[in-house]
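This report concerns only the one structure given below.
In this note's numbering, the protein residues as written are 9 to 350.
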């Protein structure tokens, strides 16, 4: 989505306030400005150290309003044609390609903070799920094959013979499908909130069934805000209470019909039998607040994926790419790149 959020308009902030602790749009976090050397011929000037990644050292506080504006301005929403409908994406940064798959209710803007921190070392390609607004009722006939085909078509467009993957929630189903059908394309993958099969509650099944006929946005559903806050709210950073707005303002704008067709993919697919055949290295992130159901899903993944490992992230919930992007970014980088590449 490309509209302006309520939070993005409040950017006239007093100097030295907490919201100005992240760099302006034309600078890079954690980079050191090298002053001209005054060394003499007897004492040669020390060569400047290579610039550090924003993921190195102590986290630099992020103003999500500034980062989101940069993300939208520098990683423009673009599209390429495809038989299943236009493939929309955003690309940001330079380096080895990392493709990002969103969750059930995610939008590309939700990856702004994480890609902001990774863009110096990776080219981050955020793949948008198609929406009812773009292709209408055809969304409800889309399959996991279609979604993985779209990702590969986008990689072909960029001439990325191989690439890395980061996925969350529903995006993990697309990942298993892609890894099983195109085993030579993905170097390795990092997954948060992943599953191969997930049992849905009666309420979730009803929403999937009825949601395809509701021309509403999530914010219009009774208790939507309450459920969101109870599920995700406790794990948002206390030192930045507006971070919740960054997530919820966009999540509540997702059309219910889009949630319905995406939920249908979760309801109708069990990819557990594919897992033992996947030889791609996979890092499964475990958040402290993931809950019992997510924990059991991760255990199934770890037990069946031959080359998987689990990493624990304390004090995080279901959305570490939003609540703790520095820590998640370091884990992703360390898994994708050897230490000497940092």
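Glycine is no exception: its CB is placed at the ideal position from the N, C-alpha and C atoms.
Check, Outcome
"Compare the Cα-Cα distances from residue 283 to each of 312, 297, 304 and report the closest residue.", "312"
"Under the assumption that residue 162 contacts residue 198 (Cβ atoms under 8 Å), give the Cβ distance between them as a whole number of angstroms.", "About 19 Å; that fails the 8 Å criterion."
"Ignore the nearest five residues each way along the sequence and tell me which others in residue 241's own chain have a CB closer than 8 Å to its CB.", "252"
"Would DSSP call residue 8 helix, strand or coil?", "With the chain represented from 9 up to 350, any question about residue 8 goes unanswered, as that position is not in the structure."
"Take the Cβ of residue 296 as the centre, count every other Cβ of all protein chains shown within 10 Å, and call the residue buried at 16 or more, exposed below.", "exposed"
"Please report the distance separating the alpha-carbon of residue 72 from that of residue 249.", "11 Å"
"Taking 7 Å as the cut-off, does the CB of residue 160 come closer than this to any heavy atom belonging to the ligand SAM?", "This structure lacks the ligand SAM, and indeed carries no ligand of any kind."
"Which class does residue 173 belong to by DSSP, given the choice of helix, strand or coil?", "strand"
"Alpha carbon to alpha carbon, how far is residue 125 from residue 337? Give it in angstroms, no decimals.", "7 Å"
"Note down, one range per segment and in chain order, each beta strand (DSSP E) of at least 3 residues found wholly within the stretch 164-247.", "171-176, 194-200"
"Restricting to Cα atoms, I'd like to know which of 117, 106, 254, 307 is closest to residue 80.", "117"
"Kindly indicate the opening and closing residues of the alpha helix (DSSP H) around residue 267.", "264-276"
"Just to confirm, is the Cβ distance from residue 111 to residue 178 under 8 Å?", "yes"
"Short of 7 Å in beta carbon distance, which residues of its chain neighbour residue 310, apart from the five on each side in sequence? Order them along the chain.", "292, 316, 318"
"In angstroms, rounded to a whole number, what distance separates the CA positions of residue 269 and residue 210?", "16 Å"
"Would you check if the distance between the CB atom of residue 159 and the CB atom of residue 135 is smaller than 8 Å?", "yes"
"List the whole-angstrom C-beta distance separating residue 298 from residue 332, where the pair is believed to meet the contact cut-off of C-beta under 8 Å.", "Wrong, their Cβ atoms sit about 13 Å apart, outside the cutoff."
"Check whether the stretch 141-154 and the stretch 98-107 touch, using three or more Cβ-Cβ pairs below 8 Å as the test.", "no"
"Could you check which residue in 256, 229, 247 has the C-alpha nearest to that of residue 239?", "256"
"Using CA atoms only, rank isn't needed, just tell me which of 204, 174, 114, 62 is closest to residue 194.", "174"
"Identify every residue that forms a DSSP beta bridge with residue 87.", "96"
"In three-state DSSP terms, what is residue 328?", "helix"
"Pull up the CB-CB distance for residue 280 and residue 205, whole angstroms please, since I reckon it's below 8 Å.", "6 Å"
"Checking the sheet assignment: what are the DSSP bridge partners for residue 291?", "198, 317"
"Would residue 153 pass as a contact of residue 185 if the rule is Cβ separation under 8 Å?", "yes"
"Just to confirm, is the Cβ distance from residue 202 to residue 306 under 8 Å?", "yes"
"Leaving out five residues on either side along the sequence, give the residues of the same chain with a beta carbon under 6 Å from the beta carbon of residue 1.", "Absent from the model: residue 1. The displayed extent of the chain is 9 to 350, so no value can be given."
"For residue 223, count the other beta carbons within 10 Å of its own beta carbon; 16 or more makes it buried, fewer makes it exposed. Which is it?", "exposed"
"Would you list the residues sitting across from residue 132 in a DSSP beta bridge?", "100, 106"
"Can you grab the Cα-Cα spacing for the pair residue 114 / residue 137, in whole Å?", "9 Å"
"Assuming residue 149 contacts residue 189 under a Cβ cut-off of 8 Å, what Cβ separation, rounded to an integer in Å, is found between them?", "Between residue 189 and residue 149 the Cβ distance is about 19 Å, and since that is not below 8 Å, they are no contact."
"On the three-state DSSP scale, how would you describe residue 123?", "helix"
"Relative to the C-alpha of residue 322, which candidate in 243, 267, 287, 346 has its C-alpha closest?", "243"
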